[in-house]
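Asks: Mind having a look at this structure? Questions to follow.
Number of protein chains: 2
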Amino acid sequence: MKKNIPTIRDVAAAAGVSTATISKFINGTQRFSPAVEARIAEVIGQMGYRSNPLAQSMITGKTKTVGLSVLDVTNPHFTSIVKGANRVAQAHGYTVLLVDTEENPGREQALLEALSRRVDGLIIFSRMPDSELEWLAGLDKPLVFFGRLPRMTLPTVASDDHRGAYMMTRHLVTLGHKRFAYMGFSKSRRDEERMGGVKECLAAHGLELTVYDAAAPSAQEGERLCSEMMLGAGHPDALVCYNDLMALGFMKAAQSLGFRIPADISVAGVDNIVYGNYTSPPLTTVDLHSERMGVAAMEKLLDTIAGRPTEPFTLIEPQLILRGSTANRN
Amino acid sequence: MKKNIPTIRDVAAAAGVSTATISKFINGTQRFSPAVEARIAEVIGQMGYRSNPLAQSMITGKTKTVGLSVLDVTNPHFTSIVKGANRVAQAHGYTVLLVDTEENPGREQALLEALSRRVDGLIIFSRMPDSELEWLAGLDKPLVFFGRLPRMTLPTVASDDHRGAYMMTRHLVTLGHKRFAYMGFSKSRRDEERMGGVKECLAAHGLELTVYDAAAPSAQEGERLCSEMMLGAGHPDALVCYNDLMALGFMKAAQSLGFRIPADISVAGVDNIVYGNYTSPPLTTVDLHSERMGVAAMEKLLDTIAGRPTEPFTLIEPQLILRGSTANRN
DNA sequence: CTGAAAGCGCTAACAG
DNA sequence: CTGTTAGCGCTTTCAG
């Protein structure tokens, strides 16, 4: 099974030319006499030679590869981003190397460090504290970050979470809801923005907000927090969740506790993951345009790599998606 | 922004030792006098030196990195596999580089080719025709393949799809269903096995099967095929889908056409994706133990890389998950 | 204990 | 058109 992988030297020898010639031929850097080209092509063909990208990268400093690091490949929001990024990268001849960091946040730095040296640029979705963000710049690679940064030192792509949450809340207020709850995930950088949007809107209408905090942005946590929220004295009549996953979990648990959605409580999520379509009732949500975020981030990265000028900050506008999980109380 | 990344030579010079010493120190290959070690550590620290993994890999031939190629990161079945594989890899100090091939099957070979030279081994989920499988072996890398192979030339991990489908069908027959339909996805290697399981069971009970074929293993296709299946003369009373995604789509479409599930038709999927829990009714399915498959594949790969002996073939047993989308007709 | 030197596989001037 | 000659940044004998 140990086929000796041929090197450029083997090929050169077999074809009776120099390694430089092979190199130039492979990369199309230069043309040669038909006789030589034919010979080279033939030898390469029968030896099954492929240039070693590592050696190639080491000298050119280019890998035609970009890294994309996400928090959880299991979350549809992130996989949509991946889809978008992938499409753009492929169109430009780049390969995307995906890394899932959530399994072990402690290893994130090591992971990114390792990845950064193997790619031409990085797109990062991270929960890293701002202090460590400095460190990212030290990687000395073109880099695009997801989310709003306090001091915008890195090129970023972000959704307008505050606005999305505000819009959703505004809608629910208009529908006549009075007792609001927000199921958040405070470990996320964006939780604050979303909760802020909800609060700001409620404040403007003189309404209160009860906040619940999940340990993970998952359906399971949504289920877990449900009984706490619904079985106290006077449950809320409108719930905005940090994301759709949590909303899905909540709805299931609420329904199995005997509550009707949206009759007893309106539920809304954020992300517009595709599975929100398949629940009963289907989930009202805020579309953050995940895929478009992936596209924008990859375009920005590729521009940076190519030395093209780019906007340092792209904000993607949210959009309300109204479905059956919210009702009119007027 | 252009920090000159320090090389081993810079460090050696600054520390007043040779590059060889630095190299050995970094890799812990050898110990040195406390004085020297302290000096080196200090210099490395303040220069922020990190060895270049490319150069390192080029010479050692090891990357401490493995590639995992999946058909669609958007499909929960695959992301579960990723989770499992990731966990094992990290536990062994390996980094997983994930690649999504479905966007462009035509580019799959190029993608794998590129990836293979950058990693110590590969785990591949592919729709590649058997003829091209040969080519994979030619990559000359430790490699684990998902699915049953005709001529088992590669180490593989597979679910027992035939058995799972048989079990599910058996259960539906026992429940008293008479008119069976199978919604397949013939482009997949596993479709045949699943359909075979269904057919074999039905044949044993003298029952017929109507087959529908989807263009993609997606919820959207499930929705699309629904009207065709349900609005003809005499619709089926039991449907087994190639996967849960298709089942989800079908259920939604059927319900919006006014059918009740499972009263009018029992629906079952395969994969046991988490979202099957959040539909109404929740989806009956066959758990293929995706995550366990990822674990098994990664263990097998790591064993191969380390030169440890391994079973060439691992079969993961399926398990029936009974939920509300199937009913008793007796 | 420490260093000199020979490359890994490939590209990039620079000659011819 | 084609070849020579330096390395890229690092590891690894092999001496000292």
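Chains as they are written, first to last, in this note's numbering: chain A, -10 to 319; chain B, -10 to 319.
Glycine is no exception: its CB is placed at the ideal position from the N, C-alpha and C atoms.
If you draw a straight line from the C-alpha of B:L122 to the C-alpha of B:L143, how long is it?
Replies: Taking the straight line joining both Cα atoms gives about 9 Å.
Asks: Secondary structure at A:V187, three-state DSSP: helix, strand or coil?
Replies: helix
Asks: Quick one, which residues of the segment 100 to 119 of chain B are near chain A if we go by CB-CB under 8 Å, in chain order?
Replies: L100, E102, A103, L104, R106 and R107
Asks: Tell me the rounded alpha-carbon separation between A:S22 and B:L104.
Replies: 33 Å
Asks: Please classify B:G184 as buried or exposed, where buried requires at least 16 neighbouring CB atoms within 10 angstroms.
Replies: Going by the sequence as given, residue 184 of chain B is Met instead of Gly. Flag for B:M184 reads buried.
Asks: With three or more beta-carbon pairs closer than 8 Å as the criterion, would you say the segment 260 to 268 of chain B touches the segment 55 to 67 of chain B?
Replies: yes
Asks: Just to confirm before moving on: does the CB-CB distance between A:M117 and A:P301 stay below 9 Å?
Replies: no
Asks: Ignore the nearest five residues each way along the sequence and tell me which others in B:R28's own chain have a CB closer than 8 Å to its CB.
Replies: A4, G5 and V6
Asks: Return yes when the Cβ of B:T8 is within less than 9 Å of the Cβ of B:R20, no when it is not.
Replies: no
Asks: Nearest chain B C-beta to A:N266 closer than 9 Å, yes or no?
Replies: yes
Asks: Put A:F14 into one of helix, strand or coil per three-state DSSP.
Replies: helix
Asks: Drop a sphere of 10 angstroms on the beta-carbon of B:I305, count the other beta-carbons inside from all chains shown, and report buried for 16 or more, exposed for fewer.
Replies: buried
Asks: Which same chain residues end up closer than 6 Å to B:F174 when comparing Cβ atoms and leaving out the 5 residues on each side of it in sequence?
Replies: D180, A203, P206 and Y231
Asks: Assign A:Q308 to one of three DSSP states: helix, strand, or coil.
Replies: strand
Asks: Might you give, ordered along the chain, the residues of its own chain that have their beta carbon closer than 6 Å to the beta carbon of B:M287, omitting 5 neighbours on each side?
Replies: A74, V77 and A78
Asks: Using a Cβ cut-off of 9 Å (strictly closer), state whether A:A30 contacts chain B.
Replies: no
Asks: By Cβ distance below 7 Å, which residues in the same chain neighbour B:K(-9) in space, the five residues on each side in sequence not counted?
Replies: Because the pLDDT at B:K(-9) is just 43, under 50, the model does not fix this residue reliably, and the point stays unresolved.
Asks: Compute the Euclidean distance between the alpha carbons of A:V108 and B:G313, then round it to the nearest angstrom.
Replies: 48 Å
Asks: Closer than 8 Å by beta-carbon distance: list the chain A residues that pair up with B:E92, in chain order.
Replies: K72, N75, R76 and Q79
Asks: A:G238 and A:E217: beta carbons closer than 9 Å?
Replies: no
Asks: I want to see whether chain A comes within less than 9 Å of B:N232, judged by CB atoms only; does it?
Replies: no
Asks: Going residue by residue through the segment 85 to 162 of chain B, where are the continuous beta strand (DSSP E) segments of at least 3 residues, counting only ones entirely within it?
Replies: 110 to 113, 132 to 135 and 145 to 148
Asks: Below 8 Å on the Cβ atoms is my guess for B:M172 versus B:L234; work out the distance and round it to an integer in Å.
Replies: With 8 Å as the limit, B:M172 and B:L234 do not qualify as a contact, their Cβ atoms being about 11 Å apart.
Asks: Taking Cβ positions only, does A:N41 come closer than 9 Å to chain B?
Replies: yes
Asks: Across which residues does DSSP place B:C230 in a beta bridge pair?
Replies: Residue pairing from DSSP places B:C230 in a beta bridge opposite B:M172.
Asks: Below 9 Å between beta carbons: does that hold for B:A252 and B:L161?
Replies: no
Asks: Does DSSP put B:F67 in a helix, in a strand, or in coil?
Replies: For B:F67, the secondary structure class from DSSP, reduced to helix, strand or coil, is helix.
Asks: Over what stretch of residues does the alpha helix (DSSP H) that includes B:L43 continue unbroken?
Replies: P42 to T49
Asks: I need the straight-line Cα distance from A:A24 to B:L60, nearest angstrom please.
Replies: 42 Å
Asks: Would you say B:V133 faces chain A, with C-beta separation under 9 Å as the test?
Replies: no
Asks: For B:I250, collect the residues of the same chain with a Cβ closer than 7 Å to its Cβ; drop the 5 residues on either side in sequence, then sort them by chain order.
Replies: The residues are M240, A243, Q244, V256, P270 and S314.
Asks: Compare the C-beta of B:T(-4) against all C-beta atoms of chain A and say whether one is closer than 9 Å.
Replies: no
Asks: Name, please, each residue of chain B whose Cβ falls closer than 8 Å to the Cβ of A:T320.
Replies: Only positions -10 to 319 of chain A appear in the structure, and residue 320 of chain A is not among them; the question remains open.
Asks: Relative to the C-alpha of A:G110, which residue among A:K72, A:D89 and A:V55 is closest?
Replies: A:V55
Asks: Does DSSP put B:V62 in a helix, a strand or coil?
Replies: Coil at B:V62, not helix or strand.
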